[in-house]
Every structure is written in C-alpha cells, then in structure tokens.
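Below: one structure, written as structure tokens.
Residue numbers (our numbering): 82 to 214.
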C-alpha cells in the first residue's frame, strides 16, 4: 500500500505549510529550553524539563509528568493549545493557538474553556473529531 503512494506528489497547500512551520517553531522552542536546562546535555535536560513541566504530556498518568498543558481542537479539528502550563511556547505562537480556539468558540457560541477539552475527549467515543455542544 505504501509503495502505491510513494511516487505520488501532493500540491503545495498554504494551510499545511503554515502548520509545518508552526510545529517546527514549537519544537525548536521546547528543545532549546531542554538543552538550556541540561547545559547542553540532552539527557539531563530531559529529566530536568519533565521536573519543571517544560516537557509535558496531556492526560499522561506518569507521576513525573506535570499534566498542565491542555490541548483542544480548533474549528477545523486541528489540535491547539488551550493552556500551555510551563511549556515554553513563544507568545506569538500561543496567541495564534488562542485565535484558532476563539474562532471555534465563536462558531459554537460559547467561551473557550475546559469544557471544550472535555467535549473533544468525549467526541472520540462517538467517532467524532470535534466535541460540539
């Protein structure tokens, strides 16, 4: 199956290109902080980053995980950051996430709150991508 699409080329898509750059910027910001915490030692930095909440995984049951970052879907179903916790995302990136979430909130006629996160989690059990009220 993978060999069938190996040679298929997809046309450029500005929305996808924007997401790629956004993800690269987010990863760069987090990894820079991990290296900083470890004084250049990625292993030590990783341990310290988890302790500080710089590396955080939503809803993970591990005791070493802060669990402060909250993901939520935007109006198109893309995953955005509702609350970053201690993850060091730049302000312009967080503002962009908040703008996308606010667009969904306006569409649904509600405020962007934790209830959206709950609705998105519950949506999965109904084979839906976005938890609409």
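Cβ atoms here follow ideal geometry from the backbone N, Cα and C, with glycine treated the same way.
Which class does residue i belong to by DSSP, given the choice of helix, strand or coil?
i	result
residue 198	helix
residue 154	strand
residue 185	helix
residue 168	coil
residue 177	helix
Between residue i and the rest of its own chain, which residues show a CB-CB distance below 6 Å, the 5 nearest in sequence each way excluded?
i	result
residue 157	none
residue 162	178
residue 185	155, 156
Can you list, in chain order, the residues of its chain with a C-beta nearer than 7 Å to that of residue i? Leave out the 5 residues immediately preceding and following it.
i	result
residue 147	134, 137, 166, 167
Throw me the rounded Cβ distance for the residue i and residue j pair, which I believe falls under 8 Å.
i	j	result
residue 169	residue 96	Between residue 96 and residue 169 the Cβ distance is about 25 Å, and since that is not below 8 Å, they are no contact.
residue 150	residue 103	In fact, because the Cβ distance is near 16 Å, the residues do not count as touching under 8 Å.
Which same chain residues, not among the five before or five after residue i, have their C-beta less than 8 Å away from its C-beta?
i	result
residue 212	154, 197, 199, 200, 201, 202, 203, 204
residue 183	193
Exercise. Please determine if the region 99 to 117 and the region 130 to 147 are in contact, where contact requires at least 3 C-beta pairs separated by less than 8 Å.
Key: Yes, the region 99 to 117 touches the region 130 to 147.
Quiz item: Does the region 150 to 166 touch the region 121 to 133, meaning 3 or more C-beta pairs lie closer than 8 Å?
Solution: No: fewer than three Cβ pairs fall under 8 Å.
Quiz item: Curious, which full-length alpha helix (DSSP H) runs of at least 4 residues does the region 90 to 153 contain?
Solution: Contiguous alpha helix (DSSP H) elements confined to the region 90 to 153 occur at 95 to 118, 123 to 133, taking only those with 4 or more residues.
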